[in-house]
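I have placed the structure first, in the form of structure tokens, so that the comments after it can refer back to it.
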Amino acid sequence: MRSPFIVLFYLLFLATTTQAAPLTLIYSGNLDGELEPCGCTLDTDFGGILRRAYYIDTVRENTPDTMVLISSGGLFSKELAGDKIKNNYILTGLAQLNYDAIGVQWADLTLGVDFLNQVDLPFTASNWSSDQLPRSQTIKRGQNTLFFTQWLNPEESPYKSMPGLSPISTDIKALEAELAKANKAGQLTILATTLPLEEIKQQLNLNVVDILLIKSAYEQFGVPQFTDGTLILQPGSRGQRLGQLALNINAQGDLSDWSHQVIELSATVPDAPRLLSWYDDYNEALKVAFEEEMKLQQELSKGETPYVGEQVCATCHQSSHDRWQDSEHAKAFEDLEEVGKAYDPHCVSCHVVGYKKPGGFLSIELSSQLAGVQCENCHGQGQEHVKSAGQTLTPNHGLAKEQICTQCHVPEHSPKFDVTNYWPKILHSKEPSATD
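Throughout, the numbering used here is defined as the position within the sequence shown, counted from one, plus 661.
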């Protein structure tokens, strides 16, 4: 007869041998087109694929067999979803990070599924109606198997008002069945969706979901919640941070314990050297496209320009011009040149006069008189004002300061903007002889 001590030892040994090794799960959501960090202020200098790659490479080097890398999608900007150059480089950049699974959101589909599939990335959408997108991704790490899928929210579908044309299923019970099957097979189930938490709770039995990634919060990650056996995670947007989980999974494929941290991709995180050539290629592609666009604009802008440039304004508004010359606005284009972004349309538009408008800025070689944030950025085109010797008011006369400033001082690039604090930095008044 075995002694109780031997039996107890055997049971403890069995329990430890069936406990799978801990996993390191790195997750994110909603890159939102932010291929690189915004350099407008220190408050926006977070994120970027180069820093993301460096951090992921470091973790993978230390935990090569236990790291899992996932994203709930939202790679492209909703506002600039048709930006082929940036979107293409986002895909090719992320393809070098060896993702295990990436969910698909509606903004990612603006250029079509074929655009996504030109790069080898593990996309998934559980309710996509064709085989162009896998319904799920299965991830294996040692004894652990993870089941990842994404639910495309039908309520956000651009096809919603087009009966019969929708490329997705609205049958969320089919998704529930898939999750239940994976759960029963001992797999750790991960579901990502842009649905808010309360909505997904109403529509789906969360007992079949081990980890739930809900709609991203703006920039900051939400605090994880563990409710009735489901770990609920909320990524932050704009790719500024990464979530990192240390997970222990029991023999049944359930979470036994976990810890969580948020990794800020600040300027203290280096760029990944192996992706520097990719980034150089991206900037070169922007430059080529910029120059082609400006040639077209030059053809369209033949004739008299409605802009005059700051030197003409100085003729009657010398003291205001002197004040402007001492401001950060005056060297706004030089700031772009210093960081190699003088050909990036996402930056140039708020650092010159009349970008992509008839008679506006073309290039530093062709229209240097319109470089920088000048009088006409705020007051509007000045040609008619000059011709009339000030009798014709500038177009933006009468607009509130906030209305003018927030054309460029938006939360994404100027999060601490407050006209009360910022206005004194450029404070200038009308000349005694000027109408405006």
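Idealized CB from N, CA, C, for every residue including glycine.
Return helix, strand or coil for residue i, following the three-state DSSP convention.
i: His990; result: helix
i: Gln766; result: coil
i: Ser962; result: coil
i: Leu1027; result: coil
i: Leu997; result: helix
i: Phe1022; result: coil
i: Gln757; result: helix
i: Asp1097; result: With a pLDDT of 43 at Asp1097, under the threshold of 50, the predicted position of this residue should be treated as unreliable, though the coordinate-derived value follows. Coil.
i: Thr719; result: helix
i: Gln979; result: helix
i: Val729; result: strand
i: Gln895; result: coil
i: Val780; result: coil
i: Thr1081; result: helix
i: Val1013; result: strand
i: Phe951; result: helix
i: Ala1032; result: strand
i: Gln1064; result: helix
i: Gln901; result: coil
i: Gln886; result: strand
Any C-beta of chain B sitting closer than 8 Å to the C-beta of residue i?
i: Phe1078; result: Among the chains in the structure shown there is no chain B, since it carries only a single protein chain.
Whole angstroms is fine: what's the gap from residue i's alpha carbon to residue j's?
i: Leu836; j: Gln864; result: 11 Å
i: Pro885; j: His921; result: 8 Å
i: Ser938; j: Gly1020; result: 35 Å
i: Trp789; j: Pro828; result: 6 Å
i: Gln848; j: Tyr1016; result: 53 Å
i: Pro896; j: Leu686; result: 13 Å
i: Ile746; j: Glu965; result: 32 Å
i: Asn759; j: Ile872; result: 21 Å
i: Gln959; j: Leu1023; result: 7 Å
i: Lys1048; j: Pro967; result: 11 Å
i: Glu839; j: Val923; result: 30 Å
i: Asn844; j: Leu807; result: 9 Å
i: His1040; j: Phe882; result: 39 Å
i: Gln757; j: Ala878; result: 26 Å
i: Ile1025; j: Ser898; result: 34 Å
i: Pro857; j: Gly890; result: 19 Å
i: Pro1006; j: Leu947; result: 8 Å
i: Gln986; j: Asn909; result: 60 Å
i: Leu736; j: Asn748; result: 8 Å
i: Leu826; j: Met728; result: 40 Å
i: Arg984; j: Ile1087; result: 7 Å
i: Leu602; j: Ser822; result: Given that the chain is displayed from residue 662 to residue 1097, the structure contains no residue 602 and the question cannot be resolved.
i: His1089; j: Asn944; result: 37 Å
i: Gly1116; j: Leu782; result: Residue 1116 is absent from the model: the chain starts at 662 and stops at 1097.
i: Thr1081; j: Pro698; result: 27 Å
i: Ile1065; j: Tyr716; result: 39 Å
i: His1070; j: Glu816; result: 32 Å
i: Glu710; j: Val780; result: Note that residue 710 corresponds to Ile in the displayed sequence, not to Glu. Taking the straight line from one Cα to the other gives about 16 Å.
i: Ile861; j: Val869; result: 13 Å
i: Val949; j: Val1013; result: 19 Å
i: Ala1061; j: Thr1067; result: 10 Å
i: Pro683; j: Asp915; result: 12 Å
Buried or exposed: where does residue i fall if 16 or more other Cβ atoms within 10 Å of its Cβ makes it buried?
i: Gln913; result: exposed
i: Ser732; result: buried
i: Lys876; result: buried
i: Gly773; result: exposed
i: Phe887; result: exposed
i: Tyr820; result: exposed
i: Thr850; result: buried
i: Leu696; result: buried
i: Leu961; result: exposed
i: Arg712; result: buried
i: Thr810; result: buried
i: Arg802; result: buried
i: Phe670; result: Any reading at Phe670 must be qualified, since the residue scores a pLDDT of 40, below 50, and its modelled position is unreliable; the value itself is stated next. Exposed.
i: Trp1084; result: exposed
i: Ala846; result: exposed
Length-filtered (3 minimum) beta strand (DSSP E) runs lying within the stretch 812-884 | Qualifying beta strand (DSSP E) stretches, in chain order: 849-854, 872-874.
At which residue ranges does the stretch 903-942 contain complete alpha helix (DSSP H) runs of 4 or more residues, listed in the order of the chain?
-> Entirely contained in the stretch 903-942, not one alpha helix (DSSP H) run reaches 4 residues.
Is the stretch 702-717 touching the stretch 1060-1077 in the sense that three or more CB pairs, one from each, lie closer than 8 Å?
-> Inter-segment contact for the stretch 1060-1077 and the stretch 702-717 is present: three or more beta-carbon pairs are separated by less than 8 Å.
Segments assigned beta strand (DSSP E), at least 3 residues, entirely inside the stretch 787-813 = Segments of the beta strand (DSSP E) lying fully in the stretch 787-813: 798-802, 805-812.
Meets three-Cβ-pair contact criterion under 8 Å: the stretch 1051-1061 and the stretch 994-1010 = In this structure the stretch 1051-1061 does not lie against the stretch 994-1010, because fewer than three pairs of beta carbons, one per stretch, are closer than 8 Å.
Would you list, in sequence order, the uninterrupted beta strand (DSSP E) runs of no fewer than 3 residues that lie entirely inside the stretch 678-712?
-> Qualifying beta strand (DSSP E) stretches, in chain order: 684-689.
Three or more C-beta pairs below 8 Å linking the stretch 926-945 and the stretch 720-728 | With the cut-off at 8 Å, the stretch 926-945 and the stretch 720-728 do not touch.
Can at least three beta-carbon pairs, one atom from the stretch 916-935 and one from the stretch 951-960, be found at a separation below 8 Å?
-> The stretch 916-935 vs the stretch 951-960: no contact.
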